[in-house]
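*Asks:* These protein sequence lines are chains A and B, in that order. Residues in the first sequence are numbered consecutively from 719, following this note's numbering. Residues in the second sequence are numbered consecutively from 719, following this note's numbering. Please see the structure below; I have some questions.
Protein chains: 2
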Amino acid sequence: MKISTRGRYALRLMLDLAVYNTGEPISLKDIARRQQISEKYLEQIISLLNKAGFVRSVRGAQGGYMLKRDPAEYTVGMILRLTEGDLAPVSCVGAESVMCERMQECVTVRVWKQINDAVNQVVDRITLADMVGWQQEKADQYSI
Amino acid sequence: MKISTRGRYALRLMLDLAVYNTGEPISLKDIARRQQISEKYLEQIISLLNKAGFVRSVRGAQGGYMLKRDPAEYTVGMILRLTEGDLAPVSCVGAESVMCERMQECVTVRVWKQINDAVNQVVDRITLADMVGWQQEKADQYSI
DNA sequence: ACAATTCCGACTTTATTAATATGAATTGTA
DNA sequence: TACAATTCATATTAATAAAGTCGGAATTGT
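Encoded structure:
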């Protein structure tokens with residue numbers, strides 16, 4: 719039931735883009751330094767986000783990435799699903815659920831459905847903007 | 719975010735013991751046949767359940783396993799945690815949470831905590847007895 | 001005695017995770 | 001225009017975990 723580094727890093731990456739947004743592209747090198755994540759690994763991850771149209775990339779010197787939309791328009795669910803794949807605890811209750819031949823008599827599936835719903839409700843409610851707000855609170859706490 | 723076969727099989731195994739309980743020990747062979755799971759693999763899984771005191775074993779011919787307590791006394795959470803380990807989506811919000819050095823400034827941890835709470839609330843509420851009930855409903859549906 | 005079972009530990013195979021490595025393509029700046 | 005800083009693309013590797021399989025010892029009812 720773990721979320722892998724891919725998903726976790728993707729979330730931190732997107733949050734970093736939101737928090738440090740100045741209108742100028744932000745380079746992966748900066749993000750990697752701030753987040754203490756291998757730059758090369760981040761390349762792979764942001765490539766997914768880029769292909770999905772979540773970020774805009776600027777190539778060449780002084781290049782980098784920026785969020786394409788407002789932070790409020792990204793839910794945690796969107797980001798995690800893109801990088802982790804379906805968040806369903808078993809494949810038979812996922813978005814494109816893979817039926818199994820025991821479906822008829824299977825009772826455990828009700829458990830998985832409930833877990834799935836509970837998780838989705840959380841991740842689809844929280845946006846990047848929420849997280850930026852939390853970050854701000856923290857910053858305030860420690861600076862006072 | 720997947721639950722592995724270990725946990726899924728353990729749940730089906732326990733449910734099988736609850737549903738087919740007659741007071742006599744039930745052999746793994748029977749369970750394996752009914753649940754379509756490798757008997758050898760089930761041995762490993764039930765060994766965990768046995769050591770944890772969830773089931774009672776009877777060795778030798780006509781031997782097998784029985785639930786030690788009433789189905790209502792087993793939650794899904796108990797069974798999954800035993801076989802899957804902590805259900806927390808990341809280790810820093812689990813029961814014996816492993817701190818990381820970024821804890822102070824980390825904001826994503828709030829997301830993981832909410833997911834963790836949501837999942838626990840579901841699995842700690844559902845008991846084996848609930849599932850036996852569901853199974854009964856299904857049986858009724860299809861027999862009418 | 002024997003067959004059916006649980007019990008135990010080692011082994012194997014496959015898939016996934018988490019990167020690293022190499023280098024090409026692009027572009028602002030000196 | 002050269003160059004350095006970047007993104008982009010693909011291949012490779014190393015470590016770990018998942019999902020079993022295998023062989024046989026120990027126990028016990030018939």
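We put the beta carbon where it would ideally sit given N, CA and C, even for glycine.
Using three-state DSSP, classify Ile-755 of chain A as helix, strand or coil.
*Replies:* Coil at Ile-755 of chain A, not helix or strand.
*Asks:* Closer than 7 Å by C-beta to Val-794 of chain B: which residues in its own chain qualify, once you throw out the five before and the five after it? Chain order, please.
*Replies:* Around Val-794 of chain B: Leu-729, Val-841 and Ile-844.
*Asks:* Is it buried or exposed, Thr-801 of chain B, if we count other Cβ atoms within 10 angstroms and call 16 or more buried?
*Replies:* It is buried - the Cβ of Thr-801 of chain B has at least 16 other Cβ atoms within 10 Å.
*Asks:* For the region 737-764 of chain B, enumerate the residues whose C-beta is nearer than 8 Å to any C-beta of chain A, in chain order.
*Replies:* Per Cβ criterion, the list reads Gln-754.
*Asks:* If I measure Cβ to Cβ from Gly-782 of chain B and keep anything under 8 Å in the same chain, skipping five residues before and after, which residues do I get?
*Replies:* Closer than 8 Å at the Cβ level, and outside the excluded window around Gly-782 of chain B, lie Glu-742, Pro-743, Ile-744, Ser-745, Leu-746, Asp-748, Ser-775 and Val-776.
*Asks:* Roughly how far, in whole angstroms, is the beta-carbon of Ile-763 of chain B from the beta-carbon of Val-837 of chain A, given that I think they are within contact range, below 8 Å?
*Replies:* Not really, about 25 Å apart at Cβ, beyond 8 Å.
*Asks:* Determine whether the beta carbon atoms of Pro-789 of chain B and Leu-846 of chain B lie at a separation below 8 Å.
*Replies:* Yes, these two residues count as a Cβ contact at 8 Å.
*Asks:* Please name the residue in B:Ala-770, B:Arg-828, B:Tyr-727 and B:Thr-826 whose C-alpha comes closest to that of Lys-758 of chain B.
*Replies:* Ranking the options by Cα distance to Lys-758 of chain B, first place goes to B:Tyr-727.
*Asks:* Please tell me whether Val-825 of chain B and Met-849 of chain A are closer than 8 Å, where the distance is taken between their beta carbons.
*Replies:* Contact: yes.
*Asks:* With a threshold of 16 other CB atoms inside 10 Å of the CB of Val-829 of chain A, please say whether the residue is buried or exposed.
*Replies:* Buried, because 16 or more other Cβ atoms sit within 10 Å of the Cβ of Val-829 of chain A.
*Asks:* Can you tell me whether DSSP reads Arg-774 of chain B as helix, strand or coil?
*Replies:* Three-state result, Arg-774 of chain B: strand.
*Asks:* So, at 7 Å on beta carbons, what are the nonlocal neighbours of Leu-735 of chain A in its own chain, with the 5 sequence-adjacent residues on each side left out?
*Replies:* Hits under 7 Å: Ile-744, Val-773, Tyr-783, Met-784 and Leu-785.
*Asks:* Residues of chain A with a CB under 7 Å from the CB of Glu-802 of chain B: which are they?
*Replies:* Correct list: Met-719.
*Asks:* Output the boundary residues of the alpha helix (DSSP H) element that contains Met-796 of chain B.
*Replies:* 794-802 is the extent of the alpha helix (DSSP H) around Met-796 of chain B.
*Asks:* For Ala-813 of chain A, which residues of its own chain have a beta-carbon under 6 Å away from its beta-carbon, when the five flanking residues on both sides are left out?
*Replies:* Excluding positions up to five away in sequence, the list reads Asp-804.
*Asks:* If we count the other Cβ atoms within 10 Å of its Cβ and call it buried at 16 or more, is Tyr-792 of chain B buried or exposed?
*Replies:* Tyr-792 of chain B should be labelled buried.
*Asks:* Could you name the residues of the same chain whose beta carbon sits closer than 7 Å to that of Tyr-738 of chain B, not counting the 5 residues immediately before and after it, in chain order?
*Replies:* Closer than 7 Å at the Cβ level, and outside the excluded window around Tyr-738 of chain B, lie Ile-744.
*Asks:* Given Leu-767 of chain A, which residues of its chain have a CB within under 6 Å of its CB, disregarding the five upstream and five downstream residues?
*Replies:* Once the five neighbours on either side are set aside, the close Cβ partners of Leu-767 of chain A are Val-773.
*Asks:* Cβ closer than 8 Å: which chain B residues qualify as neighbours of Val-837 of chain A?
*Replies:* In chain order: Met-719, Ile-833, Ala-836 and Val-837.
*Asks:* Quick check: the Cα distance between Gln-854 of chain B and Leu-733 of chain B, rounded to an integer number of angstroms?
*Replies:* Using only the alpha carbons, I get a separation of about 12 Å.
*Asks:* Return helix, strand or coil for Gly-782 of chain A, following the three-state DSSP convention.
*Replies:* Three-state DSSP puts Gly-782 of chain A in a strand.
*Asks:* Quick check on Met-719 of chain A: buried or exposed, where buried means 16 or more other Cβ atoms within 10 Å of its Cβ?
*Replies:* The residue is buried, with at least 16 neighbouring Cβ atoms inside 10 Å.
*Asks:* Between Arg-752 of chain A and the rest of its own chain, which residues show a CB-CB distance below 8 Å, the 5 nearest in sequence each way excluded?
*Replies:* Counting only Cβ-Cβ distances below 8 Å, and skipping sequence neighbours, we find Asp-734 and Tyr-738.
*Asks:* So, is the C-beta of Leu-735 of chain A closer than 8 Å to a C-beta in chain B?
*Replies:* So, not an interface residue.
*Asks:* Residues in the region 842-855 of chain A with C-beta within 8 Å of chain B's C-beta atoms, listed in sequence order?
*Replies:* The region 842-855 of chain A vs chain B, Cβ under 8 Å: Ile-844, Met-849, Trp-852 and Gln-853.
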